[in-house]
Amino acid sequence: MQLNLQQIPRVKTITKENFIKNYFKPQKPVVIECFVEDWPAYTKWNLDYIKEVAGDIMVPLYDDRPVDYKDGFNEAHAKMKMSDYVDLLKREPTKYRIFLWNILKEVPQLQKDFSFPNFGLQLMKGLPMLFFGGRDSHTFMHYDIDLANIFHFHFEGKKQCILFDQKQNKYLYKIPYSLITREDIDFDNPNFDKWPALKNAKGWICNLNHGEVLYMPEGYWHHMKYITPGFSMSLRAIARNPKNLGKAIYNVFVMRSFDNVMRRIKGQNWIDWKNEQAILRTNKA
Ligand SMILES: O=C(O)CCC(=O)C(=O)O
Ligand SMILES: [Fe+2]
Numbered sequence: 000m001q002l003n004l005q006q007i008p009r010v011k012t013i014t015k016e017n018f019i020k021n022y023f024k025p026q027k028p029v030v031i032e033c034f035v036e037d038w039p040a041y042t043k044w045n046l047d048y049i050k051e052v053a054g055d056i057m058v059p060l061y062d063d064r065p066v067d068y069k070d071g072f073n074e075a076h077a078k079m080k081m082s083d084y085v086d087l088l089k090r091e092p093t094k095y096r097i098f099l100w101n102i103l104k105e106v107p108q109l110q111k112d113f114s115f116p117n118f119g120l121q122l123m124k125g126l127p128m129l130f131f132g133g134r135d136s137h138t139f140m141h142y143d144i145d146l147a148n149i150f151h152f153h154f155e156g157k158k159q160c161i162l163f164d165q166k167q168n169k170y171l172y173k174i175p176y177s178l179i180t181r182e183d184i185d186f187d188n189p190n191f192d193k194w195p196a197l198k199n200a201k202g203w204i205c206n207l208n209h210g211e212v213l214y215m216p217e218g219y220w221h222h223m224k225y226i227t228p229g230f231s232m233s234l235r236a237i238a239r240n241p242k243n244l245g246k247a248i249y250n251v252f253v254m255r256s257f258d259n260v261m262r263r264i265k266g267q268n269w270i271d272w273k274n275e276q277a278i279l280r281t282n283k284a
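Numbering (numbering that gives the first Met the number 0), first residue to last: 0 to 284.
Take a look at the structure:
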């Protein structure tokens, strides 16, 4: 048995009216295949180019180790010079990923290679983020703290994206006071004896290629697997649905601080309790 996943629809290009009517309003994902072909980035952005323009910068790296109470929220697991990291990506499979790397701050010249597209949504101009990964590396299944609308542009290589909407939360073994599911679920090949509720979850899947953009609606869960080494840029627009906006404000101002305090007070017991609760709460539902 496999997860119940539907292929994300694909279009060659899209007008802003068509995007708003068919994807933003109904909050449905879509892959746009030929949207960035007039960006300099379309021809320039690959790992060699990144090495050339950012080789000397020290970058924060993340692997797939389980959450440890001693780590701060999104705290890096290692650091490396970008040139060494690109060499590593090209040489061998690696678990190390770069997560949420602000290009405006780190390499301002990369801004000249793309423009903020007009999808009819106000994009957050200060937050173009880059993500890198090695062959077979993956992110945890998570959704973003601000439940934003995300446009995810992929460069070099191939990446598999699995998505779920917020209505599936009850089937996903979500960890309370956090934005991830149980880390020991293998979303590529889930063990349904261990995680039976996953049989009920309905999601989406696509393989993203160089130059394609994936639209992820507000609060969508995403699990990204780098089939080959590559990188992506996410642009975001604030959640419009008042319920999602409310959750975003709660996450940023209440949930995150509460979780940090509990980690400090209870240490690993807090993490263990949350992991247990993920199972109990899903089974109950
Ligand atoms: O592709 C990745 O490595 C993570 C992307 C992601 O989580 C995001 O764009 O919010
Ligand atoms: Fe994300």
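Ideal placement from N, C-alpha and C gives every residue a C-beta, glycine not left out.
As the structure is a computational prediction, the values presented were derived from the model and not from experiment.
{"Query": "Close beta carbons around Asp63, own chain, < 8 Å, minus the five adjacent residues each side", "Result": "Lys94, Ser136, His137, Phe139, Glu182"}
{"Query": "His153 Cβ short of 7 Å to ligand 2 heavy atom set", "Result": "no"}
{"Query": "Check your reading: residues with Cβ closer than 6 Å to ligand 2 heavy atoms", "Result": "His141, Asp143, His221"}
{"Query": "At least three beta-carbon pairs within less than 8 Å, the stretch 10 to 27 to the stretch 104 to 122", "Result": "yes"}
{"Query": "Same chain, Cβ closer than 8 Å to Trp100, five either side skipped, listed in chain order", "Result": "Val58, Pro59, Met128, Leu129, Phe130, Phe131"}
{"Query": "Three-state class that DSSP yields for Asn238 in the structure shown", "Result": "The question names Asn, but residue 238 is Ala in the sequence shown. If DSSP states are grouped into helix, strand and coil, Ala238 belongs with coil."}
{"Query": "Met261, DSSP secondary structure in three states", "Result": "helix"}
{"Query": "Where Arg96 falls, given that 16 or more other Cβ within 10 Å makes a residue buried", "Result": "buried"}
{"Query": "Proximity test, Gly132 beta-carbon vs ligand 1 heavy atom, cut-off 7 Å", "Result": "yes"}
{"Query": "Thr93 Cβ short of 7 Å to ligand 1 heavy atom set", "Result": "no"}
{"Query": "Short Cβ contact (8 Å threshold) for Phe150 with Ser233", "Result": "yes"}
{"Query": "Collapsed DSSP secondary structure at Phe98 in the structure displayed", "Result": "strand"}
{"Query": "N- and C-terminal bounds of the alpha helix (DSSP H) containing Phe18", "Result": "15 to 18"}
{"Query": "Leu207 at chain D interface by Cβ criterion, 8 Å", "Result": "Absent here is chain D; the protein component of the structure consists of one chain."}
{"Query": "Beta-carbon separation (whole angstroms), Tyr170 vs Leu197, contact threshold 8 Å", "Result": "6 Å"}
{"Query": "heavy atom of ligand 1 below 7 Å from Thr14 C-beta", "Result": "no"}
{"Query": "Supposed contact pair Leu46 and Val85 - C-beta distance, whole angstroms, cut 8 Å", "Result": "5 Å"}
{"Query": "Heavy atom of ligand 1 within 7 Å of Phe163 beta-carbon", "Result": "no"}
{"Query": "Minimum C-alpha distance to Phe252 - residue among Ile144, Arg263, Trp269, Ser114", "Result": "Ile144"}
{"Query": "Stretch pair the stretch 39 to 55 + the stretch 22 to 30: three plus CB contacts closer than 8 Å", "Result": "no"}
{"Query": "Cβ-heavy atom distance, Ile149 to ligand 1, below 7 Å", "Result": "yes"}
{"Query": "Buried versus exposed call for Thr281 [16 or more other C-beta atoms within 10 Å across all chains shown]", "Result": "buried"}
{"Query": "Near ligand 1: Phe98 beta-carbon under 7 Å from a heavy atom", "Result": "yes"}
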